[in-house]
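See structure below.
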Amino acid sequence: MSAGPVVLRAAGLSKAWSVPVLREISLALEAGEVHVLMGSNGAGKSTLAAILGGLIRADAGAMTLGDLPYAPRSRAAAEGAGVVMVLQEMNLFPGMSLAENLFLDRLPSRFGLLDLAELDRRAGVALSRVGLGDLPPRMPLSRLGVGQRQLIEIARALDRRCRVLMLDEPTAALSARESDLLFDHVRRLVGEGVAVVYVTHRLDELPRIASRVSVLRDGRFVAEHRGGNIAPERLIEEMSGRASPQGSAAAAAPTGDIVLAVTGLERGSRVRGVSLEVRAGEVVGLAGLVGAGRTELLRAIFGADPAAAGSVRVGDGRAGLLRSPRQAVAAGIGLLPEDRRHDGLLLGLPVRVNVLLGAPHPSARGGWIDRPRERSAAEAIRVRVEIDCTSIEQPVGELSGGNQQKVVLGRWLAAGCRVLLCDEPTRGVDAAAKGTIHRLLREFVDRGGGVLLASGELAELRAVCDRVLVMSEGRIVAEFQSGWSDAAVTAAAFGSAGRDAVGAGDDTEQPGSTRR
Amino acid sequence: MNRTRLGEWGVLVLVWLSLVALFGMLAERFLSMATLTTVAGRLPGLAVVAAGMTLVIIAGGIDLSVGSVMALAGAVLGVAIVQGGWPLTAAIPVAILTGASAGLATGLLTVGLRIPSFLVTLGSLEICRGLTYAISGSQTLFIGKVIRPLAQPIPLLGIPPTVPVALIVVIAAQAILSRTVFGRHLVAIGANEPAVRLAGIDTAPPRVAVFVLSGALAGLAAVFASARLGSADPNAGAGLELAAIAAVVIGGTSLSGGTGSVVGSLLGVLVMATLEAGLAQLGASEPLKRIVTGAAIIAAVAADALRRRWEGPRG
Chain A
3 MSAGPVVLRA AGLSKAWSVP VLREISLALE AGEVHVLMGS NGAGKSTLAA
53 ILGGLIRADA GAMTLGDLPY APRSRAAAEG AGVVMVLQEM NLFPGMSLAE
103 NLFLDRLPSR FGLLDLAELD RRAGVALSRV GLGDLPPRMP LSRLGVGQRQ
153 LIEIARALDR RCRVLMLDEP TAALSARESD LLFDHVRRLV GEGVAVVYVT
203 HRLDELPRIA SRVSVLRDGR FVAEHRGGNI APERLIEEMS GRASPQGSAA
253 AAAPTGDIVL AVTGLERGSR VRGVSLEVRA GEVVGLAGLV GAGRTELLRA
303 IFGADPAAAG SVRVGDGRAG LLRSPRQAVA AGIGLLPEDR RHDGLLLGLP
353 VRVNVLLGAP HPSARGGWID RPRERSAAEA IRVRVEIDCT SIEQPVGELS
403 GGNQQKVVLG RWLAAGCRVL LCDEPTRGVD AAAKGTIHRL LREFVDRGGG
453 VLLASGELAE LRAVCDRVLV MSEGRIVAEF QSGWSDAAVT AAAFGSAGRD
503 AVGAGDDTEQ PGSTRR
Chain B
2 MNRTRLGEWG VLVLVWLSLV ALFGMLAERF LSMATLTTVA GRLPGLAVVA
52 AGMTLVIIAG GIDLSVGSVM ALAGAVLGVA IVQGGWPLTA AIPVAILTGA
102 SAGLATGLLT VGLRIPSFLV TLGSLEICRG LTYAISGSQT LFIGKVIRPL
152 AQPIPLLGIP PTVPVALIVV IAAQAILSRT VFGRHLVAIG ANEPAVRLAG
202 IDTAPPRVAV FVLSGALAGL AAVFASARLG SADPNAGAGL ELAAIAAVVI
252 GGTSLSGGTG SVVGSLLGVL VMATLEAGLA QLGASEPLKR IVTGAAIIAA
302 VAADALRRRW EGPRG
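Sequence order for the protein chains is A and B. First residue of the first sequence? That's 3 in the working numbering, and the numbers climb one at a time after it. First residue of the second sequence? That's 2 in the working numbering, and the numbers climb one at a time after it.
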């Protein structure tokens, strides 16, 4: 691969939310290259792409596009300068036609009226570019499936005169044929001198598309490869680091009774025949890439999105499918949802109401709320989970992320559930609150509860979990007892290509058993 | 009851008192028994409908059908007494039950089919009006003396028995809202329904029940109206839903749900009724009355929005 002139140069890009996400990243994109960004969840790939695409601004660092300084204030500004990004979450309007979706920001008009003929013509060209030329431009977008919508989004980007095109996991929703078509277009664009930034989790795509691969870990570039023929085990090692198992491996193997038994759970393509057990006294981790099905599994167990088949049993209870959260709560399960602000809290209402939201209301007699008892019950929970608020009358919307999570946690502890399903329980939570939440979860299992905890952060899994299950494409593909290495878990999460790489030459890895 | 809420009520009482003072100065005979009787006659019906509407809106819904449901309940009441010869003690519960059934149908459709209550009640508004015409033969039914005592002013007090009944309803509805688990669930559902479901609460029963309550109170309002007029008018209640929503909003309940109070709505009703009576005494024309009432609604909502913005996210 010959190196073309540098199109976009970035130096010293840094970005921190509550913790640093990007640390002084430097990057030079060359004309005519497909530059693949790889890394584990949270390594900083999406943040980097978002900065290049004008969605967010870096805290420090500078960029140049061609010879000019480049500091886009918005996505539109970046597109104006020729840096176009295809977003992972789609930004389309189901009720409008394909043509309107493609050209919404530059609809052709004559004398103030829409020029429909011209719109159809341009849309036809744009659609055929992604192999959708046989679709009528006036068809509503809502009739397309997810993969085809992704292609519309890509067609929208291809239609712009772009110098840099960024694709964030574009093939996640595409069929093999659609992916092939996309690769053809990417190669054509590259031939025209466009620089392509390509974010992916799929190792098998690299030989087919990559001219350069950069590996991100903890917000830094840790490796760079020319060409796409790289041994998978090497990449996995670079993405995970050669972390030796540190500290607090949890105590002895749990001996408690089974508190949660899930058998053959099925829901769509994200939960496929999942079986697992959680025993009293243990925190079981759930690892996997974004989109592996962790959230969907927890919601299916809880009955929030009822499963199609399988069974769930709590303690000595009856095995069966939980068809609603109400049944799950009655059976003794609680859920800390991934999006606590939207799915967990009543933001405008006080802490008192939020911690006691659950059936049955703990301080009610015959449907009437006993106010003094309610206040003391809420106060007790506040103290127990250490919620930092001015009073129990403060609206939860005013609390920090960590304290909001403690409100949801406190609600379940007060409800006396036996099993807690935690979905990214400390995302967006500061370090101190994180420690408290982890300690509360350990205390909960020490009193005979069981926890199933999904997290994209290996450090969190290491800190609180007794063992870790790894999900990939809706299935549990591996199980690790304590003392696992990041490389081993990462390899399993990346699927079969990585799993073969595990074990050789690294004696810290002790996969307990792969797929039962 | 938290401090903010008491503050809101205080402001509404102040607004009402200044209206009374203003009209007292402008119109010679405003501060009289006659005005009290007029206002007291019209107030109870709107107050109980607004009480039901408050609960519906707090739970994140809306009930546009209350006016037609009231007319339907009135027609059932009239037919039962006039044609069936039923005693009041049987006819009144049947009228209230009629309203409750209409509310039950609304609630089941809204929850069962997952259709916004705005659309369901837009339809049932027409259905109930049609049923009213069918039952009454599109004629006003003269009920006559049997029902009048309910609306006659009690000597010395100057107010009819419907007023204390309405007050009891308002106080009961406020107590349900702030002191029961059912009321707590209504507020929570209006604030964030998905979160309530994920907390393990079945949201369907309270969401249906609140419409049953609203319908039953529209039925009660029909009894009040029939008592006042001595008849059941098939066109009764036209525009009642808008008057009730206006009173609820003036009373500080958020149209997007999750917060509000029934007592506030009662004060909203009081403000609107006083405004109407005062303008009438000043000899304001019907067009002017409507313009002023409309302006008052916008002013109240704007004041509320400005206050929230001032207080910022602490709202």
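Backbone N, C-alpha and C fix where the C-beta goes; we use that ideal spot for every residue, glycine too. Computed from a predicted structure; not experimentally measured.
Own chain residues within Cβ distance below 6 Å of residue i, not counting five before or after
i: A45(A); result: L218 and R219
i: K408(A); result: V387 and I389
i: R222(A); result: R25
i: A247(B); result: I298
Simplified DSSP state of residue i, which is helix, strand or coil
i: G259(B); result: coil
i: A282(A); result: coil
i: C129(B); result: helix
i: S76(A); result: coil
i: A251(A); result: Interpretation of A251(A) is limited by its pLDDT of 41, a score under 50 that renders its predicted location unreliable; the figure taken from the coordinates is listed afterwards. A251(A) falls in the coil class under three-state DSSP.
i: F95(A); result: coil
i: I27(A); result: strand
i: V85(A); result: strand
i: G266(A); result: strand
i: V21(A); result: coil
i: I478(A); result: strand
i: S181(A); result: helix
i: V302(B); result: helix
i: M34(B); result: helix
i: D520(A); result: Only positions 3 to 518 of chain A appear in this structure, which leaves residue 520(A) out of reach.
i: R163(A); result: coil
i: I172(B); result: helix
i: P7(A); result: coil
i: A245(A); result: In this predicted model, A245(A) has a pLDDT of only 46, less than 50, meaning its place in the structure is not dependable enough to derive any value.
i: F143(B); result: strand
i: F223(A); result: strand
One or two residues paired with residue i in a DSSP bridge
i: W311(B); result: Bridge partners of W311(B): none, in fact.
i: D170(A); result: V201(A)
i: P37(A); result: Going by the sequence as given, residue 37(A) is His instead of Pro. DSSP lists V199(A) and R214(A) as partners of H37(A).
i: D318(A); result: Bridge partners of D318(A): none, in fact.
i: I335(A); result: V421(A)
i: T367(A); result: In the sequence on display, residue 367(A) carries Arg and not Thr. W370(A).
i: I260(A); result: R281(A)
i: T181(B); result: W370(A)
i: A233(B); result: L142(B)
Close-in-space but distant-in-sequence residues of the same chain around residue i (CB under 7 Å, 5 per side omitted)
i: N231(A); result: P209
i: R269(A); result: E298, A302, D307, A309 and A310
i: L442(A); result: V387 and L411
i: G293(A); result: A174
i: E462(A); result: T428
i: V40(B); result: A274, T275 and A278
i: L109(B); result: V209
i: G249(A); result: A caution first: G249(A) carries a pLDDT of 38, below 50, which makes its placement in the model too unreliable to give a value.
i: A239(B); result: G68
Cβ separation of residue i and residue j, assumed to be a contact under 8 Å, to the nearest whole Å
i: S213(A); j: E226(A); result: Actually they are not in contact, since the Cβ atoms of S213(A) and E226(A) sit about 12 Å apart, beyond 8 Å.
i: A317(B); j: G75(B); result: Because chain B in this structure spans residues 2 to 316, residue 317(B) falls outside the shown range and cannot be described.
i: D261(A); j: G317(A); result: Reading off the sequence shown, one finds Val at residue 261(A), where the question assumed Asp. Right, the Cβ-Cβ distance comes to about 6 Å (below 8 Å), so this counts as a contact.
i: L471(A); j: V286(A); result: 6 Å
i: V36(A); j: V188(A); result: 6 Å
i: G114(A); j: A80(A); result: In fact, because the Cβ distance is near 29 Å, the residues do not count as touching under 8 Å.
i: L143(A); j: I154(A); result: 7 Å
i: S16(A); j: L24(A); result: 6 Å
i: I82(B); j: V166(B); result: About 19 Å; that fails the 8 Å criterion.
i: V272(B); j: L13(B); result: 7 Å
i: E475(A); j: A456(A); result: Rounded, the Cβ-Cβ distance is 15 Å, inconsistent with contact.
i: M98(A); j: G290(A); result: 35 Å between Cβ atoms; not a contact.
Proximal residues to residue i (C-beta, below 8 Å), its chain only, five neighbours per side dropped
i: N193(B); result: G259
i: E240(A); result: V217, R219, V224 and A225
Could you name the residues of the segment 157 to 185 of chain B whose beta carbon sits closer than 7 Å to any beta carbon of chain A, in the order they occur along the chain? If the cut-off is 7 Å between Cβ atoms, the segment 157 to 185 of chain B has R180, T181, V182, F183 and R185 near chain A.
Any residues in the segment 7 to 28 of chain B with a beta carbon nearer than 8 Å to a beta carbon of chain A? Which ones, in chain order? Near chain A, meaning a CB-to-CB distance below 8 Å, no residue of the segment 7 to 28 of chain B qualifies.
Could you please tell me which residues of the segment 182 to 206 of chain B, in chain order, have their CB closer than 8 Å to any CB of chain A? Among the residues of the segment 182 to 206 of chain B, those with a Cβ less than 8 Å away from any Cβ of chain A are V182, F183, R185, V188, A189, A192, N193, P195, A196, V197, R198, L199, A200, G201, I202 and D203, in the order of the chain.
With 8 Å as the limit, tell me which residues of the segment 235 to 269 of chain B have their beta carbon closer than that to any beta carbon of chain A; keep them in chain order. For the segment 235 to 269 of chain B, which is checked against every Cβ of chain A, the residues closer than 8 Å are G259 and T260.
May I ask you to list, following chain order, the residues of the segment 366 to 377 of chain A that have a beta carbon less than 7 Å from some beta carbon of chain B? Result list: A366, G369, W370 and I371.
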